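Please read the structure below before turning to the comments.
Number of protein chains: 2
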Amino acid sequence: MLYLEDLKPGDVHKGEARASVTTDTIKTFAREYDPQPFHIDEAAAAKTMFGGLAASGWHTAATTMKLLVDGGLPLAGGIIGASVDEVRWPKPVRPGDRLRVVSEVLEVRPSKSRPEQGIARVRTTTLNQKDEPVQIMISNLVVLRRPA
Amino acid sequence: MLYLEDLKPGDVHKGEARASVTTDTIKTFAREYDPQPFHIDEAAAAKTMFGGLAASGWHTAATTMKLLVDGGLPLAGGIIGASVDEVRWPKPVRPGDRLRVVSEVLEVRPSKSRPEQGIARVRTTTLNQKDEPVQIMISNLVVLRRPA
């Protein structure tokens, strides 16, 4: 488990976990949270700018969170996002994709008002099985300081 | 349905749809995508900085997407995020909360390379039943231009 003191800019953490995305998981997520044709219907999706069924960007974001929680970034106290500075989806996630995460620490700052914690600014890249980035996110995570 | 030509900075769109968040939806989402104690176990959550069960920020983001798709922002061609510039969660979402969205157009720019579309930069605020913001997101949405 990593405390704030264990993190420094440039550190890279490669998650061991993998998440499989399937036609079924894409449609199940989308029916609940993003019921648009390109996420729930192959034939309709083929006629859109996606050119076929693609996962909702929020499905990719949620799957990324799961990969971080599953050891992708072993922070003491858990993965708690204070905010997100950027999310981009350079490529669609397709049925059959297998995702993993790589996180790089960009900045580390102790909190002035809360001496027991600080913020780590982290870039998390979500990659598919061809090592193509499908999501790039920069988030500000609340990280506990090592108890004295 | 709104095309790029119908949008201008300062336009505000209030979604009519509402989404209820319950203990059950919080835990169901979190078990799949964000299985941390503060999202899946009341007793454990009470001992964390959340002080009780709270929805995953990604659950709030996904619910926001559903509210946008359900008429919160009636864009021709759908709600397609090119990227997100910022997401903040000023207050936790709790069991029993009832959410809605309000979107404000910040910027509108036609695409130079793709004459049939453009980008609208939009701030979407997700509010609970007490009109407290629980998520503030700035996203860049792909919007179709009105066919000639």
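Which chain is which? The protein sequence lines are L and F, in order. Each residue of the first sequence is one higher than the one before, counting from 1 in this note's numbering. Each residue of the second sequence is one higher than the one before, counting from 1001 in this note's numbering. All residues carry an ideal CB built from backbone N, CA and C; glycine is no exception. Note that the coordinates shown come from a computational prediction; the quantities given were computed from them, not determined experimentally.
- Within the DSSP secondary-structure output, F/Glu-1032 pairs in no beta bridge.
- When DSSP assignments are scanned along the stretch 1071-1105 of chain F, no uninterrupted stretch of alpha helix (DSSP H) that is 4 or more residues long falls wholly within it.
- Of all C-beta pairs linking the stretch 1061-1077 of chain F to the stretch 1007-1022 of chain F, three or more are shorter than 8 Å, placing the two stretches in contact.
- In this structure F/Pro-1037 does not touch F/Glu-1107 by the C-beta definition: roughly 40 Å separates them, more than the 8 Å allowed.
- For F/Leu-1144, the uninterrupted beta strand (DSSP E) segment begins and ends at 1133-1144.
- Rounded to the nearest angstrom, the gap between the Cα atoms of L/Glu-42 and L/Lys-91 is 18 Å.
- The beta carbon of F/Val-1069 falls within 8 Å of a beta carbon belonging to chain L, placing the residue at that interface.
- In the displayed model, L/Gly-57 falls within a helix according to three-state DSSP.
- For the pair L/Leu-4 and L/Thr-23, the CB atoms are not nearer than the 8 Å cut-off.
- If you ignore the 5 residues before and after L/Glu-86, its C-beta comes within less than 6 Å of the C-beta of Ile-138, all in its own chain and listed in chain order.
- Proximity of chain L to F/Ile-1079 at the Cβ level (cut-off 9 Å) is accounted for by Asp-34 and Gln-36, in chain order.
- Taking the CA atoms as reference points, F/Val-1102 sits about 21 Å from F/Pro-1095.
- Residues of the same chain with a CB within less than 6 Å of the CB of F/Pro-1074, apart from the 5 flanking positions on each side, are Met-1001 and Leu-1002 in chain order.
- Using a Cβ-Cβ cut-off of 8 Å, F/Lys-1091 does not count as an interface residue toward chain L, since no Cβ of chain L sits closer than that to its own.
- Boundaries around L/Ala-120 are those of the beta strand (DSSP E), 117-127, since no alpha helix (DSSP H) includes it.
- Taking C-beta atoms under 8 Å as the contact rule, L/Leu-99 and L/Leu-127 qualify, at a distance of about 7 Å.
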